[in-house]
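Residue numbers (my numbering): 111 to 844. Positions of the beta carbon are idealized from the N, C-alpha and C atoms, including for glycine. Quick caveat: nothing in here was measured; it's all calculated off a predicted structure. Take a look at the structure set out below.
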Amino acid sequence: MTHVRFDFQSPLALIRQWQQRADGARLLEVLITGYTLDLVFLEKRCISMARGLGARVTVLADAHEAIHDPADVRLAGTAYQHANVSCRGAFHPKLAVLVGEEDVWIAIGSGNPTTSGWGHNDELWLVLRSSRHSGPAALNELAEWLRALHLYVAMPSWIASTVSELADMIAPEVTDDSVPELRVLGNLDRPFIDQLPSGRVNTLTLTAPFFDRGSAAVRELIARFDPDDLIVGFQPTLSSYSGSSLAEATARVARAEFRDLPENDRRLSHGKLVEWTVDGKPTAMVGSPNLSYAALLAATARDGNCELAAVFPVDRSLLPEGTNVALETLRSRSTIPTEPQSRVTPPVTLLGARREELGITVELLAGPITAIVIETSPNGGPGTWQQCHVFRPTTHDPHDVLIARFQVPEQMGAAVRAVVYDGSERFITPAVFLTDTTRCLPRQVDSSAPRLRQYFGDVFSDEKLQKRFETDLLRLLAENAAHRTKAPSSPAVRRQPSATSGSDRWTLWLQGAEATIGPDFTASLFPFTSLMKSPAPARLQQWDVDLGGATEDIPEDEDPEKFEPEADEDGSARRPTPVVPPSMYPRMRSFAVKLAKKSQEQPRPSLELRMLVVQLILDLLAAGVWGPDDETWRTPLADALAALPPSNDEAVPERALDFMGSLAAVGLALLGQDASLYGGREDDMTFRRAWEAVSAHAASAESELSEQYLYQPAQGYSRVAGLAGVEMMIALAR
Numbered sequence: 111m112t113h114v115r116f117d118f119q120s121p122l123a124l125i126r127q128w129q130q131r132a133d134g135a136r137l138l139e140v141l142i143t144g145y146t147l148d149l150v151f152l153e154k155r156c157i158s159m160a161r162g163l164g165a166r167v168t169v170l171a172d173a174h175e176a177i178h179d180p181a182d183v184r185l186a187g188t189a190y191q192h193a194n195v196s197c198r199g200a201f202h203p204k205l206a207v208l209v210g211e212e213d214v215w216i217a218i219g220s221g222n223p224t225t226s227g228w229g230h231n232d233e234l235w236l237v238l239r240s241s242r243h244s245g246p247a248a249l250n251e252l253a254e255w256l257r258a259l260h261l262y263v264a265m266p267s268w269i270a271s272t273v274s275e276l277a278d279m280i281a282p283e284v285t286d287d288s289v290p291e292l293r294v295l296g297n298l299d300r301p302f303i304d305q306l307p308s309g310r311v312n313t314l315t316l317t318a319p320f321f322d323r324g325s326a327a328v329r330e331l332i333a334r335f336d337p338d339d340l341i342v343g344f345q346p347t348l349s350s351y352s353g354s355s356l357a358e359a360t361a362r363v364a365r366a367e368f369r370d371l372p373e374n375d376r377r378l379s380h381g382k383l384v385e386w387t388v389d390g391k392p393t394a395m396v397g398s399p400n401l402s403y404a405a406l407l408a409a410t411a412r413d414g415n416c417e418l419a420a421v422f423p424v425d426r427s428l429l430p431e432g433t434n435v436a437l438e439t440l441r442s443r444s445t446i447p448t449e450p451q452s453r454v455t456p457p458v459t460l461l462g463a464r465r466e467e468l469g470i471t472v473e474l475l476a477g478p479i480t481a482i483v484i485e486t487s488p489n490g491g492p493g494t495w496q497q498c499h500v501f502r503p504t505t506h507d508p509h510d511v512l513i514a515r516f517q518v519p520e521q522m523g524a525a526v527r528a529v530v531y532d533g534s535e536r537f538i539t540p541a542v543f544l545t546d547t548t549r550c551l552p553r554q555v556d557s558s559a560p561r562l563r564q565y566f567g568d569v570f571s572d573e574k575l576q577k578r579f580e581t582d583l584l585r586l587l588a589e590n591a592a593h594r595t596k597a598p599s600s601p602a603v604r605r606q607p608s609a610t611s612g613s614d615r616w617t618l619w620l621q622g623a624e625a626t627i628g629p630d631f632t633a634s635l636f637p638f639t640s641l642m643k644s645p646a647p648a649r650l651q652q653w654d655v656d657l658g659g660a661t662e663d664i665p666e667d668e669d670p671e672k673f674e675p676e677a678d679e680d681g682s683a684r685r686p687t688p689v690v691p692p693s694m695y696p697r698m699r700s701f702a703v704k705l706a707k708k709s710q711e712q713p714r715p716s717l718e719l720r721m722l723v724v725q726l727i728l729d730l731l732a733a734g735v736w737g738p739d740d741e742t743w744r745t746p747l748a749d750a751l752a753a754l755p756p757s758n759d760e761a762v763p764e765r766a767l768d769f770m771g772s773l774a775a776v777g778l779a780l781l782g783q784d785a786s787l788y789g790g791r792e793d794d795m796t797f798r799r800a801w802e803a804v805s806a807h808a809a810s811a812e813s814e815l816s817e818q819y820l821y822q823p824a825q826g827y828s829r830v831a832g833l834a835g836v837e838m839m840i841a842l843a844r
């Protein structure tokens, strides 16, 4: 059955509703598009939830309108696909597509995937829910738009393939007449104005946050609909319009009303609405097009924006209530900048970067430039960018996508940008994130397997949240162990290459880990998530929390102690140290003991959970939970390390063993501080017990991997390992 409704909520509500479905339906694909984009917001509020439901998540936005700092982006390219896209106008559609095994949910509206667009602004959305077997013609219209998108909008080739696959998935097997009035309109090759009905209407109602300087779009809409009555809504100071040109453009209408919409709390009325009424029956077009020439009067193919809209009858007008404005008052107003602002074509536009088996592929647009420098960074932070390649394009059309393929060092960074020089000027593109398309595929996992019931964030600074996390994790450790005994697997040994791809086994294993503990913990435990032997390091992991229905950003406050640690040997950036309130120290020490005990119980939980236990104990040590004279931390850490090695009946890919050994080396380096393998003190015996259990695996550790588990000792009494100590343990184990 097909359902259509207009909604003032954001696509976040759709994903939450899917998560709460009684039938537990698996989510296969999520597509999100927008103009401005905040990946940090999406990662906090959306990505973990969607990946937890099994979906491949793909995010597209205008190449030069991102508002996030790449240093704060953690999961792009590994937990989801992100791509920059570009056209001659603005890439402006606001779309969310959710595809399951049996049904599809669509949201077409006005909100960008940012805190404002999906949380604070007043937006308009049309939501369609339909079966994939039988659905309305509008789904075919959207599918055709998606299939054609890459012909008019430049995007990475692997993203174009994803979008085409998704188009095939949403097209119904049988087209029914459930909602014949619903239409999905795009402007790829034909302006919106030419697709709207023409002829006299009783009332024409218009609102948008942006009007063009000359009110050309309003003028053309009036000419097309020839209304008896006209209502135009705008916010007096937050909308962008020219009062004098609006008055002139509407002069031919006998009865024109201008309405000031509320500006309570400076909340932007961001919905776009063209609504016409015939014989008392209103029909609304909502979506991304503003009341501007580039949005309504031009096609994408002819330098217009790329827009998307939906048309459907409504029971009552969607225009908010407001206050009437006198014509003379309107004429005196203008919120449009004095100088016209044109869209500047940058010298280079980076679309995306993809890691492949034989190297890296970067796709981009460029003007007549002789050399483009490709730089990478492990985390997108300032001072971390390094040149990895110089691309010298041959003669080309500036609208053609250029492809650069090259070999890179094993430890190439995960954030990628392009730099060009024009005399003394230096232009730097917004960053993209090295994408592992296999890693981002829909998860093929056991839907009945136990998992974290919610995705937790900063579990150490909030006592209530920590209690929920502790309860959930201890439950998961027990249930996971019991579940694993139901399906015994083949022995866990380092296997020789076979006809079955080791990359595939590693990817499937990571997908299972992600299903169990969520993408944030998975990315933190396995910071190199490519399928190559030494893939790209992930951004430094930080934890955030989703407080149920909240949509505003959660501030990431820094609380540095006056404690000054010794300088690290290599001065490299480390994981941020968790901040734990002193009042929670006793509870956290008890938590560490409980975790270590659970990881040792028979049957044992899966390897990713045992590794998570070790990492959480390392977190607490870095946070200074144990005082300067308290050595009781050694026992839970040694117990957790001793539980790491896989048993003979545990199938673990070789690459997972590399990570496990590298994490074990860090734990051994900590236990080895002020302890000896040959001594007789209690601390020496505790160190020796852990050494005997995991030193064989530490011998295969990679120092580059171990380095990703090190912390910056920012708290008083932080206990952390240094790289030199870890490398000494690896050498000793060998």
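| Item | Value |
| --- | --- |
| How big is the Cα-Cα spacing for A559 and N590? | 7 Å |
| Distance, Cα to Cα, S350 vs E812? | 56 Å |
| Note down the Cα distance separating P392 from D425, rounded to an integer number of angstroms. | 7 Å |
| When you compare only the Cα positions, how much space is there between A200 and D304? | 20 Å |
| Just to confirm, are L122 and R155 a CB contact at a threshold of 8 Å? | yes |
| Mind checking which residues open and close the alpha helix (DSSP H) that includes I538? | Premise fails: I538 lies in the beta strand (DSSP E), E535 to I538, not in any alpha helix (DSSP H). |
| Can you tell me whether DSSP reads N434 as helix, strand or coil? | strand |
| Classify S325: buried if its beta carbon has 16 or more other beta carbons within 10 angstroms, exposed otherwise. | buried |
| Given this structure, state the Cα-to-Cα distance separating S244 from E283, to the nearest angstrom. | 6 Å |
| Buried or exposed for V214, please, with buried defined as at least 16 other CB atoms from any protein chain shown within 10 angstroms of its CB. | buried |
| Once DSSP output is grouped into helix, strand and coil, what is the label at H230? | helix |
| Assess, as a yes-or-no matter, whether the stretch 709-724 is touched by the stretch 740-756 under the definition of 3 or more beta carbon pairs within less than 8 Å. | yes |
| Report the residue from L717, L773 and D768 whose alpha carbon sits nearest the alpha carbon of N758. | L717 |
| Alpha carbon to alpha carbon, what distance is there between A217 and L236? | 6 Å |
| Would you mind working out which of E438, R515, T433 and R502 sits nearest L468, comparing C-alpha positions? | R515 |
| Using only the alpha-carbon positions, how far apart do R799 and V689 sit? | 30 Å |
| If the criterion is Cβ atoms closer than 8 Å, does the pair T224 and D148 meet it? | yes |
| With DSSP collapsed to three states, give me the class of C156. | helix |
| Please determine, among P246, N400, R699 and S810, the residue with the shortest C-alpha to C-alpha distance to D286. | P246 |
| Spell out the partners DSSP gives E473 in its beta bridges. | G462 and I513 |
| Quick one: what does DSSP say S240 is sitting in, helix, strand or coil? | strand |
| Compute the distance between the beta-carbons of V150 and D182, then report whether it is under 8 Å. | yes |
| DSSP on G493, reduced to helix/strand/coil? | coil |
| Measure how close the beta-carbons of P450 and A419 come, nearest whole angstrom, since I'm counting them as under 8 Å. | That belief does not hold up - the Cβ atoms of P450 and A419 are roughly 26 Å apart, past 8 Å. |
| When you compare only the Cα positions, how much space is there between P738 and S786? | 19 Å |
| I need the straight-line Cα distance from G835 to E573, nearest angstrom please. | 34 Å |
| Exposed or buried, which one is V500 when buried takes at least 16 other CB atoms within 10 Å? | exposed |
| Would A253 and V195 be called neighbours here (beta carbons separated by less than 8 Å)? | no |
| From the DSSP output, read off the bridge partner residues of E499. | The question names Glu, but residue 499 in the sequence shown is His. Answer is I484. |
| For the stretch 375-382 and the stretch 346-361, state whether three or more C-beta atom pairs, one from each stretch, are separated by less than 8 Å. | yes |
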